[in-house]
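Notes to accompany the following structure.
Numbering (the numbering used here), first residue to last: 317 to 574.
Listed below in C-alpha cells is the structure:
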C-alpha cells in the first residue's frame, strides 16, 4: 500500500444537527493525497451528510473542515470564525469534485455541456478550452461518441460516468463520491466501478460513502465505519475488513456480504 504523507482534508470534531436530530457527532477524519478513504455503515449513519459538510453544501454546527490547509466555509479573524459569502463559498466548493448518487446532471444539457458548464461558469475557462477538456474526460470514462446525448438518452451508468467526468474536469483537490454505484443495476455498476478503480490507480484523492463493499475491498486504503452519526471504528482497509474490533462492524460486514 502506498504511503500517503500530504494531508489534503481534515475534519475536526464536526457536529451537525437538523432540528432536534443529531446527524453528525464529533466526526474527525483525515484524507491524505492520493488516498482512497471509504465511509461505510448502515443507512442513516451520517455518511452522505458528512460529505456535504466537507463540500460546504451543509454548514456545520461546530468543528472545522480544512482542505489543503484552507478552512472550508469560514474565515478566521482573530479567534472568531466568520461565514464566507455565497460567492466565496462557491469558489471554494469548486476545489472539491462531488459525484452524487442520482447523478444531478442538467437534464436540458448534453453530456458535453454538462461537463463544460462548471469550467466556464465557475473556473472562467474559455469555452473552447473547456470543450477540449470535456471531450478528453468523456473519452477517459468511455463515453466517446456520446457527447451530444442528453441525460434521458443515456443509461444510469453512462449518466454517472458523465457526472464523474464533470467532477474531474474541474481539476479538484479531491473527489467526494456519494453512493456512486447504488442507483445502478449490477451490469451498470460494473461500468462505473471500473471508472472509479481507474481513478484510484491514477492516485486521485477520494472520500467515498458507499455500501459497495466489493468496490471498497478493491480500492480503499482506509475505512471509517459510522453508526448513528459517530465513528465507531476506523483503520486500514485490510485490518477493518478482515479483522474488525467491534461486533457491530462484524455484523454489518457479514450482512453486506450476504
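Cβ atoms here follow ideal geometry from the backbone N, Cα and C, with glycine treated the same way. Nothing here was measured: the structure is a model prediction, and the numbers come from that model.
Residue range of the alpha helix (DSSP H) that includes residue i
i           : result
residue 453 : 443-456
residue 403 : 402-409
residue 295 : For residue 295 there is no data in the structure shown, the boundaries of the chain being 317 and 574.
residue 426 : It is not in any alpha helix (DSSP H) - residue 426 carries neither H nor E in the DSSP assignment.
residue 354 : Here residue 354 belongs to no alpha helix (DSSP H); instead the beta strand (DSSP E) covers 352-356.
residue 568 : 563-572
residue 553 : 553-558
Pick from the options that is closest to residue i, judged by C-alpha positions
i           : options            : result
residue 558 : 392, 543, 532      : 532
residue 526 : 322, 359, 324      : 359
residue 362 : 567, 570, 553, 541 : 541
residue 414 : 571, 380, 399, 364 : 364
Element boundaries [beta strand (DSSP E), containing residue i]
i           : result
residue 480 : No beta strand (DSSP E) contains residue 480, which is instead part of the alpha helix (DSSP H) from 472-485.
residue 324 : 323-334
residue 413 : 412-415
Rounded separation between residue i and residue j - CA only
i           : j           : result
residue 401 : residue 408 : 11 Å
residue 567 : residue 396 : 43 Å
residue 348 : residue 445 : 30 Å
residue 528 : residue 552 : 17 Å
residue 450 : residue 485 : 6 Å
residue 524 : residue 345 : 12 Å
residue 503 : residue 512 : 15 Å
Three-state secondary structure (DSSP) of residue i
i           : result
residue 438 : coil
residue 317 : In this prediction, residue 317 scores a pLDDT of 43, lower than 50, which makes its location untrustworthy; no coordinate-derived value is stated.
residue 579 : In this structure the chain extends from 317 to 574, so residue 579 is not present and cannot be described.
residue 374 : coil
Note down, one range per segment and in chain order, each alpha helix (DSSP H) of at least 4 residues found wholly within the region 489-533. 502-517
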